[in-house]
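Below: one structure, written as structure tokens.
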Amino acid sequence: MQHDFEMKPATKVIHGGQEIEATTGAVMPPIFTSTTYAQESPGVHKGMDYIRAHNPTRYALERMMANLENSGISRDVDVSEGGFAFSSGCAATGSLFDLVPAGSHVIAMDDLYGGTHRLLTQVRQPSQNLKLSYIDLTNAERLAETMTGETRLVWVETPTNPNLKIADLARIAEIARKKNPDVILACDNTFASPINQRPLELGFNVVMHSATKYLGGHSDVLAGILVTNKPELAERIRFVQKSLGAVLGPFDSYLLLRGIKTLAIRVERHNESSLKIAHWLEKHPKIERVVHPGLKSHPQHEIAKKQMDGFGGMITMFIKGGLDEARRMLERVQIFALAESLGGVESLIEHPAIMTHSSISAKQRADLGISDTLIRLSVGIEDVDDLIGDLERALK
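So for the sequence shown, our numbering puts the first residue at 296; every next one is plus one.
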């Protein structure tokens with residue numbers, strides 16, 4: 296149902312883009328598994344013909360995400376209001392890259408999720424002949440120095456993975472629009488979630504989520520999301536989504552919708568617990584440095600305060616010593632699970648240099664500060680004192 300009043304995010308996660316099912320009155324969106332739809336006459340149907348292009352369960356999820364990210368696109372303009380659900384975050388990212396003409400210049404944040412870096416450098420650069428520039432956008436002014444008339448896409452993560460750098464989205468949008476009003480400005484909003492940050496409100500025109508993380512929240516569904524506030528981009532994304540076919544299935548769409556219902560209260564707990572743990576780690580004698588956007592010691596803390604409603608559940612820390620000390624600590628945790636991914640109800644801990652960012656060369660990791668002593672925490676929703684106790688025992 297499209298409401299004639301503005302809801303806050305905690306209400307949107309329950310009601311955004313949703314409506315009572317017309318036939319049965321079901322409060323929760325049913326799982327429509329049919330792959331095809333009967334037609335009254337050739338080409339005459341009820342708006343749906345084949346599952347790759349149309350699915351009511353996926354539409355419910357896509358409209359939910361469009362509402363959470365404030366796409367501003369009405370249903371009579373686009374059937375899913377500017378939201379699109381894909382089979383993974385990488386599928387969503389790759390589909391957006393397919394909007395960029397071959398030979399284009401693409402600017403990306405230097406500190407990126409390893410899978411995005413791999414997709415850009417090892418797949419899209421050779422297949423689309425892209426000209427790539429990786430720059431540190433914590434200083435937005437660097438964008439003006441790098442953008443050219445051939446720049447078709449600016450890809451930003453904030454906070455970044457794994458260094459938790461913060462980019463000033465409003466300033467980047469302002470600079471980019473002066474250089475090229477038609478450039479695609481895309482933000483990977485996975486670490487923040489739409490509860491903490493909404494890039495479309497800050498001048499960007501596409502948001503991406505690895506929905507596997509905070510949106511799903513239970514480490515049991517693989518999915519990706521794109522949301523745009525530009526109808527012309529929505530039309531192009533829909534064509535690519537239908538053509539490539541990397542759509543999210545109905546059962547996974549249901550699981551993701553189910554997870555999003557508790558997103559606001561989960562993120563509130565993630566925010567609160569991670570900040571408490573970050574403060575505790577800053578004082579620990581075996582920790583060299585702690586990075587968290589909510590700490591005053593974070594270099595972009597003021598930018599984070601300006602554009603975020605909360606600082607997220609991710610912590611990056613550097614343990615004193617070397618790889619042996621890091622490995623011993625990682626092997627000794629009992630509540631934190633040593634596993635890749637993030638954003639679930641359970642707390643996770645990992646070693647980016649060996650795990651999530653191993654596809655990046657050793658030199659690039661060194662340039663970005665992804666050292667053998669860097670450990671990444673995804674703080675879950677367990678009792679925060681139990682989590683601190685687990686870390687204390689492991690550090691001993």
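Backbone N, C-alpha and C fix where the C-beta goes; we use that ideal spot for every residue, glycine too. Source: prediction; values computed, not measured.
| task | Could you spell out the range, first to last residue, of the beta strand (DSSP E) harbouring residue 523? | result | Run containing residue 523: 519–523, per the beta strand (DSSP E) assignment.
| said: I need the straight-line Cα distance from residue 396 to residue 449, nearest angstrom please. | reply: Looking at the two C-alpha atoms, the distance is approximately 14 Å.
| Cβ contact (3+ pairs, closer than 8 Å) linking the stretch 565–584 and the stretch 544–556 | With a cut-off of 8 Å, the stretch 544–556 and the stretch 565–584 do not count as touching, because too few Cβ pairs lie within range.
| Residue(s) in a DSSP beta bridge with residue 450 | Looking at the DSSP assignment, residue 450 forms a beta bridge with 403 and 481.
| task | Please report the Cβ distance between residue 387 and residue 520, rounded to the nearest whole angstrom; I am assuming they are in contact, meaning their Cβ atoms lie under 8 Å. | result | Right, the Cβ-Cβ distance comes to about 6 Å (below 8 Å), so this counts as a contact.
| query | Ends of the alpha helix (DSSP H) at residue 535? | reply | Per DSSP, residue 535 is one residue of the alpha helix (DSSP H) stretching across 526–539.
| Counting contacts by CB-CB distance shorter than 8 Å, is residue 322 in contact with chain C? | The displayed structure is made up of one protein chain only, and chain C is not part of it.
| Does DSSP put residue 418 in a helix, a strand or coil? | It is helical.
| said: Using a Cβ-Cβ cutoff of less than 7 Å, which residues in the same chain neighbour residue 575 once the five nearest sequence positions on both sides are dropped? | reply: Within the same chain, residue 575 has close Cβ partners 683.
| residue 596 to residue 465, Cα distance in whole Å? | Roughly 15 Å between the two C-alpha positions.
| Three-state secondary structure assigned by DSSP to residue 578 | Looking at residue 578 - three-state DSSP - the assignment turns out to be coil, as it is neither helix nor strand.
| Can residue 362 and residue 545 be called in contact, C-beta distance under 8 Å? | Not in contact: residue 362 and residue 545 (Cβ atoms no closer than 8 Å).
| Terminal residues of the continuous beta strand (DSSP E) containing residue 544? | Counting along the chain, residue 544 falls outside any beta strand (DSSP E), and DSSP gives it neither H nor E.
| field | Alpha-carbon to alpha-carbon, residue 525 and residue 419 | value | So the alpha carbons of these two residues sit roughly 24 Å apart.
| message | Between the alpha carbons of residue 333 and residue 360, how many angstroms are there, rounded? | response | Approximately 29 Å between the Cα atoms of the pair.
| query | What are the boundary residues of the alpha helix (DSSP H) that includes residue 354? | reply | Start and end: 351–363.
| task | Please check the pair residue 416 and residue 427, which I expect to be a contact at CB under 8 Å, by giving their CB distance rounded to whole angstroms. | result | The pair is a contact, with the Cβ atoms about 7 Å apart (cut-off 8 Å).
| message | Relative to the C-alpha of residue 451, which candidate in 496, 503, 410 and 311 has its C-alpha closest? | response | Nearest C-alpha to residue 451: 503.
| query | Counting along the chain, where does the alpha helix (DSSP H) carrying residue 488 start and finish? | reply | Counting along the chain, the alpha helix (DSSP H) containing residue 488 begins and ends at 488–491.
| Within 10 angstroms of its Cβ, does residue 680 collect 16 or more other Cβ (buried), or is it exposed? | Of the residues assessed, residue 680 falls on the exposed side of the cut-off, its CB having fewer than 16 other CB atoms within 10 angstroms.
| request: List the whole-angstrom C-beta distance separating residue 623 from residue 688, where the pair is believed to meet the contact cut-off of C-beta under 8 Å. | output: About 12 Å separates the beta carbon of residue 623 from that of residue 688, a gap too long to meet the 8 Å contact definition.
| message | On the CB-based measure, 16 or more other CB atoms within 10 Å of its CB, does residue 477 come out buried or exposed? | response | Within a 10 Å sphere around the beta-carbon of residue 477 sit fewer than 16 other beta-carbons, which makes this residue exposed.
| request: Just confirm the distance between the C-beta atoms of residue 532 and residue 379, as a whole number of angstroms; I'd bet it's less than 8 Å. | output: The C-beta separation of residue 532 from residue 379 comes to about 5 Å, placing the pair in contact by the 8 Å criterion.
| query | To which residues of the same chain is residue 685 closer than 7 Å at the C-beta, ignoring the five residues directly before and after it? | reply | The residues are 628, 629, 630 and 631.
| query | Using the C-alpha atoms, what's the distance from residue 325 back to residue 315? | reply | For residue 315 and residue 325, the gap between their C-alpha atoms comes out near 10 Å.
| task | Would you please state the rounded distance, in angstroms, between the beta carbons of residue 376 and residue 320? I believe it to be under 8 Å. | result | About 23 Å separates the Cβ atoms of residue 376 and residue 320, ruling out a contact at the 8 Å cut-off.
| Can you tell me whether residue 617 is buried or exposed, with buried defined as 16 or more other CB within 10 angstroms of its CB? | Under a 10 Å Cβ-count criterion, residue 617 is classified as exposed, with fewer than 16 other Cβ atoms of the shown protein chains found around its own Cβ.
| task | Would you kindly check if the distance between the Cβ of residue 608 and the Cβ of residue 516 is under 8 Å? | result | No, they are not a contact pair.
| said: Along the chain, where does the alpha helix (DSSP H) containing residue 261 start, and where does it finish? | reply: Outside the displayed span of the chain (296 to 691) sits residue 261, for which this structure offers no information.
| query | With respect to the alpha helix (DSSP H) encompassing residue 473, which residues constitute its N-terminal and C-terminal limits? | reply | Note, residue 473: alpha helix (DSSP H), 464–474.
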